[in-house]
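Mapping the sequence shown onto my numbering, position 92 (from 1) lands on 113, and the numbers just tick up by one.
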Amino acid sequence: MKKNLISVLILALVFANFVLTAILMFTVLPQTKKANTLIDKVCSAIDLDLNSGGAGSGMNSIPIDKQENYKVNAGEDIITNLAASEGDKDKHYAVVKLSLVLNTESENYKTYTQEFLTGQDDTIKNKINTIIAGYTMDEFNANNHEDVKQVILEEMQKMFGVDYVIDINFASVQTE
């Protein structure tokens, strides 16, 4: 009788294990597939960003004679207040002189001429001021201003096209 009772108990536990495994399969597996899909999308986006369309790769693939500089604000300084750091009561600001590096082979080159860009100077300056104002003095100066340049480049590419604006040049940068 003991052996028979133990066999029934083992059979019940095996059945319970089977049921719980089935429930686990149907509840966890779809979520895992969704997570894997998201991870694949993020990985492919990172690969695209590293291999194409960025500031470095755009500049390297376009010969210098196919590039043109557009001096924002006619080459004059752009003065922007920087965000306040925690515990820092002083106001800081950045003075930048920058230019957009344009691809003369782009389809947008005929549309967005130097004269057109001059007419859009206030819009471009506003975008740049908004971006720079989001950084504290330490954040702005970190990494030789590369983070700021990358964000400005991405915004300019949204406005005028990825293949048209290929880089941002800081002619001079001062922070106080």
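C-beta atoms are modelled at their ideal positions from N, C-alpha and C, and glycine is treated no differently.
Give me, in chain order, the residues of the same chain whose beta-carbon lies closer than 7 Å to that of residue i; leave out the 5 immediate sequence neighbours on both sides.
i	result
Phe-181	Asn-129, Tyr-133
Met-158	Leu-103, Ser-106, His-113, Thr-196
Ile-173	Ile-149, Ile-152, Ile-189
Under 9 Å between the Cβ atoms of residue i and residue j?
i	j	result
Ala-154	Ala-192	no
Gln-178	Val-186	yes
Val-194	Ile-145	no
Asn-124	Ile-83	yes
Thr-139	Ala-95	yes
Gln-52	Tyr-91	no
Ser-127	Asp-184	yes
Determine the DSSP secondary structure at residue i, reduced to helix, strand or coil.
i	result
Asp-70	Residue placement at Asp-70 cannot be trusted, given a pLDDT of 48 that sits under 50; what the coordinates show is reported in the next sentence. DSSP places Asp-70 in helix when its eight states are reduced to three.
Tyr-114	strand
Val-186	strand
Leu-50	helix
Grab me the residues of residue i's own chain with a C-beta within less than 6 Å of its C-beta, minus the 5 sequence neighbours each way, in chain order.
i	result
Gln-88	Val-122
Asn-110	Reading off the sequence, residue 110 comes out as Lys, not Asn. If we look at Lys-110 and ignore the five residues flanking it on each side, it has no Cβ neighbours.
Glu-176	Lys-148
Ala-66	none
Among residues of its own chain, excluding the 5 on either side of residue i, which ones have a beta-carbon nearer than 8 Å to its beta-carbon?
i	result
Glu-97	Lys-118
Asn-162	Thr-196
Asn-38	none
Are there any heavy atoms of the ligand NAP lying less than 8 Å away from the beta-carbon of residue i, as far as the coordinates show?
i	result
Tyr-114	Although the ligand NAP was asked about, the structure shown includes no ligands whatsoever.
query: Three or more beta-carbon pairs under 8 Å between the segment 109–124 and the segment 142–159, yes or no?
result: Touching, yes, given that three or more Cβ pairs across the two stretches are closer than 8 Å.
Check your understanding: Which whole runs of the beta strand (DSSP E) in the segment 88–164 are 3 residues long or more, in chain order?
Key -> Taking only runs of at least 3 residues, the beta strand (DSSP E) segments lying wholly in the segment 88–164 are 88–92, 99–102, 114–124.
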